[in-house]
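Enquirer: Supplied in structure tokens, the structure appears directly below.
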Amino acid sequence: MSAKGHTAVPASHYDRHPRTNRQHRTITQPRVRGSPAGEGVVDCIVVAALDDLVRPGEYPRSSRYDPAWLVSLDMGPHPLWLLEDLSRDLDLRPGMRVLDLGSGMGASSVFLAREFGVEVFAADLWVSPDAAAAVFADAGVGDRVHAVRAEAHALPFPRDHFDAIISIDAYEYFGTADSYLAYITQFLKPGGQLAIATPGMTREIRDLGAIPQHIKACVGWEAIAWHTAEWWRFQWEVTELVTVAAARLQADGWHDWLLWARACLDHGSGDRDAIEKVIAMLEADNGEFLSFVLATARKNRISKSHYPSGNTR
Ligand SMILES: C[S@@+](CC[C@H](N)C(=O)[O-])C[C@H]1O[C@@H](n2cnc3c(N)ncnc32)[C@H](O)[C@@H]1O
61 MSAKGHTAVP
71 ASHYDRHPRT
81 NRQHRTITQP
91 RVRGSPAGEG
101 VVDCIVVAAL
111 DDLVRPGEYP
121 RSSRYDPAWL
131 VSLDMGPHPL
141 WLLEDLSRDL
151 DLRPGMRVLD
161 LGSGMGASSV
171 FLAREFGVEV
181 FAADLWVSPD
191 AAAAVFADAG
201 VGDRVHAVRA
211 EAHALPFPRD
221 HFDAIISIDA
231 YEYFGTADSY
241 LAYITQFLKP
251 GGQLAIATPG
261 MTREIRDLGA
271 IPQHIKACVG
281 WEAIAWHTAE
291 WWRFQWEVTE
301 LVTVAAARLQ
311 ADGWHDWLLW
321 ARACLDHGSG
331 DRDAIEKVIA
341 MLEADNGEFL
351 SFVLATARKN
361 RISKSHYPSG
371 NTR
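All residue numbers in the sequence shown are consecutive under the numbering used here, ending with 373.
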């Protein structure tokens with residue numbers, strides 16, 4: 061069983077487990093139905109592992125959010141740390157229209173609306189729009205964040221619609237096919253920004269010749285969607301559809317993920333076996349292969365190519 065997406069989402073909130081595509085087992089309701097720090101109703105005790113999630117030196121914006129609230133929305137690594145770091149390569153301005161693709165339970169969408177004043181379309185496959193909308197309403201951004209059920213290959217939006225498309229720990233599920241960049245950039249305005257945070261590698265698995273055992277034990281074949289920053293840069297740049305602004309491997313992304321997983325193990329209501337597998341993978345890796353790639357690009361104003369004929373979605 062694949063374990064990376066150790067979600068804490070109640071079964072009623074989505075239909076399928078993020079990694080296995082199986083019906084999820086019954087999970088209790090999140091313990092916190094609050095919102096960013098100090099504004100929600102917190103009914104659990106904040107202890108050590110949660111305190112590790114407050115790191116104003118490294119992540120000043122994320123540190124203003126209640127870690128218990130974040131853990132209650134867990135579907136993988138810390139979404140706000142990834143987004144805050146990714147946003148350092150982005151130009152987001154109030155009023156922009158942003159697609160949060162694979163938004164899960166929506167912490168990243170809340171962050172985008174609150175921190176940057178943008179209008180967000182939170183599109184996800186497995187999480188029900190009702191559940192996500194409740195998160196947005198509780199966080200006080202229900203008027204600016206719209207929850208949409210969407211499959212990443214059949215998006216219900218017009219062409220040239222978004223100023224930015226952002227995807228946090230989701231693009232690896234659907235975005236590595238050669239044709240996907242041409243598809244997704246249809247929905248960006250010319251000059252619009254595409255930004256992803258996705259599990260990354262220090263070396264290509266193709267070059268290693270096999271998936272390292274400790275990674276395979278956790279996520280199995282799915283790791284073939286994890287690439288180096290150089291892979292992403294070339295994969296996007298060579299199309300001439302976009303100009304890559306940055307493609308970088310986080311220096312300590314694996315350790316950030318470990319801190320988050322430990323907090324989720326201690327305080328979340330997700331799949332403990334899955335979280336323990338993630339922790340074992342990260343401890344064994346110790347930064348040798350694993351981290352997160354942050355890649356951002358702008359859609360070129362004059363593209364030499366367009367989405368392949370016969371598929372105009
Ligand atoms: C590991 S979760 C991350 C969720 C959220 N971005 C976060 O960081 O908490 C991956 C998300 O990708 C979404 N996803 C996977 N495949 C998808 C697809 N084909 N179309 C739309 N969303 C997809 C899932 O529904 C899931 O919520």
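Each residue gets a CB set at the ideal place from its N, CA and C atoms; glycine is no exception.
Just so you know, these numbers come straight off a predicted model, no measurement behind them.
Provide the residue span of the beta strand (DSSP E) that contains Gly251, from first to last.
Expert: Residues 248–261.
Enquirer: Using 8 Å as the threshold, is the C-beta distance between Ala199 and Ala192 below it?
Expert: Their beta carbons are not under 8 Å apart, which means Ala199 does not touch Ala192 by this criterion.
Enquirer: Would you mind reading off the limits of the alpha helix (DSSP H) that contains Ala128?
Expert: Per DSSP, Ala128 belongs to the alpha helix (DSSP H) from 127–132.
Enquirer: Measure the alpha-carbon distance for Ser168 versus Leu130 and round it to whole angstroms.
Expert: Looking at the two C-alpha atoms, the distance is approximately 10 Å.
Enquirer: Would Leu241 and Leu301 be called neighbours here (beta carbons separated by less than 8 Å)?
Expert: Yes, the pair counts as a contact, with Cβ atoms nearer than the cut-off.
Enquirer: Asp312: which of Gly260, Ser122, Ile256, Ser132 sits nearest, CA to CA?
Expert: For Asp312, the nearest C-alpha among the options comes from Gly260.
Enquirer: Determine the direct distance from the alpha carbon of Asp111 to that of Glu290, and round the result to whole angstroms.
Expert: One C-alpha to the other measures close to 34 Å.
Enquirer: Please list the terminal residues of the continuous alpha helix (DSSP H) segment that includes Phe176.
Expert: First-last of the alpha helix (DSSP H) with Phe176: 167–176.
Enquirer: Going by the beta-carbon positions, is the gap between Gly162 and Ala214 smaller than 8 Å?
Expert: No, the Cβ-Cβ distance between Gly162 and Ala214 is not below 8 Å.
Enquirer: Return the CA-CA distance between Thr44 and Ala305, expressed in angstroms with no decimal places.
Expert: Nothing can be reported for residue 44, as the shown portion of the chain is limited to 61 through 373.
Enquirer: Where do the N-terminal and C-terminal ends of the alpha helix (DSSP H) with Val304 fall, by residue?
Expert: Premise fails: Val304 lies in the beta strand (DSSP E), 302–309, not in any alpha helix (DSSP H).
Enquirer: May I ask you to report which of helix, strand or coil DSSP gives Ile362?
Expert: Reduced to three states, the DSSP call for Ile362 is coil.
Enquirer: Please report the straight-line C-alpha distance between Pro250 and Ile362, rounded to a whole angstrom.
Expert: Cα to Cα, Pro250 sits roughly 8 Å from Ile362.
Enquirer: Relative to the C-alpha of Met341, which candidate in Thr258, Ile226, Glu264, Ala321 has its C-alpha closest?
Expert: Here the closest residue by C-alpha is Ala321.
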